[in-house]
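If you're matching positions, the sequence shown starts at 330 in the numbering used here and goes up one per residue. By construction, the Cβ of each residue, glycine as well, lies at the ideal position given by its N, Cα and C atoms. Single-structure report; data block below.
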Amino acid sequence: MFDALIRISLKQRLIVLAATLLLVIYGAISVRKMPVDVFPDLNKPTITLLTEAGGMAPEEVEQLVTQPIESAMSGMPGVTRVRSTSGIGLAVVYVEFEWGTDIYRNRQQVSERLNLVREQLPEGVLPQLGPISSIMGEILLLALPADPAKVSPMQVREYADWVVRPRLLNLPGVAQVITIGGQVRQYRVEIDPAQLQALGIERERVDAALRDFGSNTSGGFLETQGREYLIRQIGRTTRIEDLSNLVVAVKGTQPILLRQVAKVEVAPAIKRGDGSYKGKPAVILSVQKQPSADSVQLTRQVEHAVEELARNRPAGIEAPQFLFKQADFIEHSIDNVVEALRDGAALVALILFLFLLNLRTTLISLTAIPVALLTTAVVFQLFGLSINTMTLGGLAIAIGELVDDAVVGVENVVRRLRENRHLASPQPVLEVIAKASTEVRSGVVYATLIVVLVFLPLFALPGIEGRLFTPLGLAYIVSILASMLVATTLTPVMCYWLLPKMKRLDHGDSPLVRWLKAGDERLLRWSFRHARKLLGGAALAVVFAGIAVAWFPRAFLPPFNEGTLTVNVLLNPGTSLAESNRIGTLAEELALQVPEVTQVGRRTGRAEQDEHAEGVHYTEMDVDLKASERSRAEIIEDLRSRLATLPAAVNIGQPISHRLDHLLSGVRAQIALKVYGDDLDTLRAVAARLRGKLAGIDGIADLQIEKQVLIPQLKIRIDYDAAARYGVAPGAVLRGLEQMIEGERITQLIEGNRRFDLLVRLPET
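Rendered as structure tokens:
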């Protein structure tokens, strides 16, 4: 087969050259269009279900919301695992499917099951499907600092929610933009129960009046004088005076206004999270990409959009600041691998020239590198792969072997052409090149296939390991096979055009090759004389190496230097948001004292649309670093020692590394030990004993136990006997307490494209 392919290539030389040129051009175009990312696609098809459940306690959330949804999701075709997190007023359910399943089909199945389970959930509790995102999808963090003397936190949050966020969501490839910090604007009506009782007005009448406030209705059409008019009945308003003067009842002929029975004001909504930048209040935006989006290209689009918005930002809001950009790490990593490829290619070229001592033979051999690499790029595009550290790593491993097949063929062609020149009746050059290329082809093919077989087990790796290392093996194998194809087709053609008339054809080996051959001959003679000693030494070396492997440090992935640190500060559950903010601000100030730290952004608690059920006792800081003479380990140790003064558990890592740890172990740590059982006190005792034993192991840092404790609760129990005496239904009492203490969202007031909740509740006092 290869003999025929070589002869066909030599006969159709122009076609081979033209096809190679087209392949190179198409490969170069493919490289420019391919998405660039830090890792291959590691996203196991997962559907996230978010369910807001008001102010329900975690116990009620688990029993009334989480368990019915989990039961409905289990047993669906393709589902491998269902896991959940229940917090205060929030249930997050993760439905994981088998690798390779269609995410859109999975979402359709989940939607169908949700329709069946909605009747089992409490009234007003509606599960929502989270956006299609990626485990490495958080591509950047954006801070909006502001001057409190010029602009209020409420205005900053409105600008973030209704100007910045919609603009970024319109960018192709953006899956979600989550805002945290500032104050969410809300129209609040605080009912005075004493006034309602004195005037004899039921609270339900107030609710009914508020539901009809600020809405427009349709009046149909009016035809007159041959014209048709659309009738719009305008009642929409956001003026606080109009709301205060709303009539809620009429006593005799006297209207009762809302301001007579309630306090009406524009107030911030109750927060479950907050943000800051360099120790000052700010709004933080987290931009998440869709799984198939190009991280680098999308980051550039976001930067351009932010620049446009910054030029027209309101007075008092400072220039947006990027806390973290995944694209910086990606570009740095890709540049490092590309640099390794470039240096490797340069070394290959230098070594080839030193051995061959001829520009033509060196050029023919080196041609295999770009052609093989660009052919691999075409295959990548066909398979839907991206340019990432693993695929480029596979090419970097193969770079030295890409010229092997071509070098063997070129060297044999040169030798046969030299011999043919000294024959009495030389054979045609085309025939000499064809025979010379065929002579070495079987050995080259066998050697290539053996190397390919070594990498085939990578394709059998399951789970995350397979998703991570399969692209590396594919890149290596495709490039090696492409180089073999180049050596079989293009190399003989180039030999035909460049070698027959070469002046140095009769010069023989280069001085370096002659010197190496002489040294090799002496070494072989010595080896034959000391064969037993040599074999014994080799056997001992193999045994020693095998023993030494057991003591090598092992890790799933090498440590990265991302240029940004992620610091998790965990307080005791039950800590208020105000206290978490205070300690979080102290943590920011301590971090800014480290010389290498340039900026710090903090997110405490949970944002409104976040998929993570974090309590207000949880703080995450993003610490940006500048280049320094100190190593990353020294900087982290300096930061850790400063934060050790805080009354909190502190964990220091890096953004991408933390997400990989969470992907592998379910927590943001490299190693996680999980203790299962039914009794929480027993579990805590076992965990404490484990912690005591693990603390003495060298190399362990940030050792902590997940804080699973009961949060403080104020319980109100119904006195059923008293309720019966007063003729009040217990359910009505509970609903009234829920609506008046937590508050009830009655309606929304619309201002342009902005919507604000109208909340009714009891006064704080």
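Own chain, CB closer than 6 angstroms to residue i, minus 5 neighbours either side, in chain order
{"i": "I509", "result": "G602, G604, I613, R932, A936"}
{"i": "N980", "result": "N897, D1031"}
{"i": "V736", "result": "S694"}
{"i": "G548", "result": "I560, Q562"}
{"i": "G511", "result": "P482, V485, R486, V612"}
{"i": "V781", "result": "I806"}
{"i": "R671", "result": "none"}
{"i": "G384", "result": "G418, E1071"}
{"i": "M719", "result": "P369, P800, L801"}
Extent of the continuous alpha helix (DSSP H) run through residue i
{"i": "V732", "result": "Where V732 is concerned, there is no enclosing alpha helix (DSSP H), given that its DSSP letter is neither H nor E."}
{"i": "K362", "result": "342 to 362"}
{"i": "Y558", "result": "Premise fails: Y558 lies in the beta strand (DSSP E), 556 to 562, not in any alpha helix (DSSP H)."}
{"i": "L894", "result": "Counting along the chain, L894 falls outside any alpha helix (DSSP H), though it belongs to the beta strand (DSSP E) covering 893 to 899."}
{"i": "L869", "result": "860 to 878"}
{"i": "V1050", "result": "Here the sequence assigns Asp to residue 1050, which means Val is not the residue at that position. First-last of the alpha helix (DSSP H) with D1050: 1049 to 1055."}
{"i": "V390", "result": "Element bounds for V390: n/a, residue is neither H nor E."}
{"i": "E484", "result": "Before going further, note that residue 484 is Gln rather than Glu in the sequence given. First-last of the alpha helix (DSSP H) with Q484: 482 to 488."}
Per DSSP, the bridge partner or partners of residue i
{"i": "S605", "result": "P610, R931"}
{"i": "L845", "result": "According to DSSP, which records beta bridges pairwise, L845 is partnered with nothing at all."}
{"i": "E594", "result": "R517"}
{"i": "L797", "result": "Answer by DSSP bridge pairing: none, since L797 is not bridged."}
{"i": "Q583", "result": "K580"}
{"i": "E425", "result": "T375, R410"}
{"i": "L471", "result": "L614, F651"}
{"i": "Q589", "result": "None; Q589 has no bridge partner."}
{"i": "G944", "result": "Answer is none; G944 lacks a bridge partner."}
Opening and closing residue of the beta strand (DSSP E) in which residue i lies
{"i": "D536", "result": "Taken as a continuous stretch (DSSP letters only), D536 belongs to no beta strand (DSSP E), being part of the alpha helix (DSSP H) at 532 to 540."}
{"i": "Y433", "result": "Unbroken run through Y433 is the alpha helix (DSSP H), 432 to 446; no beta strand (DSSP E)."}
{"i": "F550", "result": "546 to 553"}
{"i": "R305", "result": "Nothing in the structure corresponds to residue 305, since the chain is present only between 330 and 1094."}
{"i": "T1076", "result": "1073 to 1080"}
{"i": "Q650", "result": "650 to 654"}
{"i": "D953", "result": "947 to 954"}
{"i": "Q505", "result": "503 to 509"}
{"i": "I981", "result": "978 to 982"}
Buried/exposed call for residue i, threshold 16 Cβ in 10 Å
{"i": "K654", "result": "buried"}
{"i": "Q928", "result": "buried"}
{"i": "L1002", "result": "exposed"}
{"i": "R517", "result": "buried"}
{"i": "H987", "result": "buried"}
{"i": "G555", "result": "exposed"}
{"i": "K479", "result": "exposed"}
{"i": "N665", "result": "exposed"}
{"i": "Q922", "result": "exposed"}
{"i": "F658", "result": "buried"}
{"i": "Q983", "result": "buried"}
Same chain only: Cβ atoms within 7 angstroms of residue i, ignoring 5 sequence neighbours per side
{"i": "F784", "result": "G802, Y805, I806"}
{"i": "I464", "result": "L371, N372, R988, L992"}
{"i": "R1020", "result": "L1032, I1034"}
{"i": "L827", "result": "R689, I693"}
{"i": "F1085", "result": "R514, Q515, Y516, Q1077, L1078"}
{"i": "E1080", "result": "T567"}
{"i": "L919", "result": "R971, L972"}
8 angstroms CB neighbourhood of residue i in its chain, flanking five on each side removed
{"i": "V439", "result": "I376, L378, M402, M405, V424, L458"}
{"i": "Y825", "result": "L339, R342, V758, L759, I762"}
{"i": "V667", "result": "L721"}
{"i": "P976", "result": "L900, I912"}
{"i": "T799", "result": "P369, L787, F788, L790"}
{"i": "I985", "result": "V367, M465, Q655, F658, F889, E891"}
{"i": "R534", "result": "V577, A578"}
Min CB distance residue i to chain C below 9 angstroms
{"i": "T567", "result": "Chain labels in this structure do not include chain C; a single protein chain is all it has."}
* Asked: Counting pairs of beta carbons, one from the region 400 to 412 and one from the region 442 to 460, are three or more of them closer than 8 angstroms?
  -> yes
* **the region 640 to 653 in contact with the region 462 to 478 per 3-pair CB rule at 8 angstroms** => yes
* Asked: With a cut-off of 8 angstroms, do at least 3 Cβ pairs link the region 881 to 898 to the region 959 to 968?
  -> yes
* To do: Could you tell me whether the region 361 to 377 touches the region 704 to 718, using the rule of 3 or more Cβ pairs below 8 angstroms?
  => yes
* Asked: How about the region 872 to 888 and the region 949 to 957: do they share at least three Cβ pairs that are nearer than 8 angstroms?
  -> no
* Cβ pair count under 8 angstroms reaching 3, the region 530 to 540 against the region 494 to 507 -> no
* Asked: Would you call the region 876 to 883 and the region 937 to 947 touching, i.e. three or more CB-CB distances under 8 angstroms?
  -> no
* Mind the definition here: the region 810 to 820 touches the region 760 to 779 only if three or more C-beta pairs lie below 8 angstroms; say whether that holds. => yes
* Pairing CB atoms from the region 673 to 680 with CB atoms from the region 714 to 729, are three or more of them under 8 angstroms? -> yes
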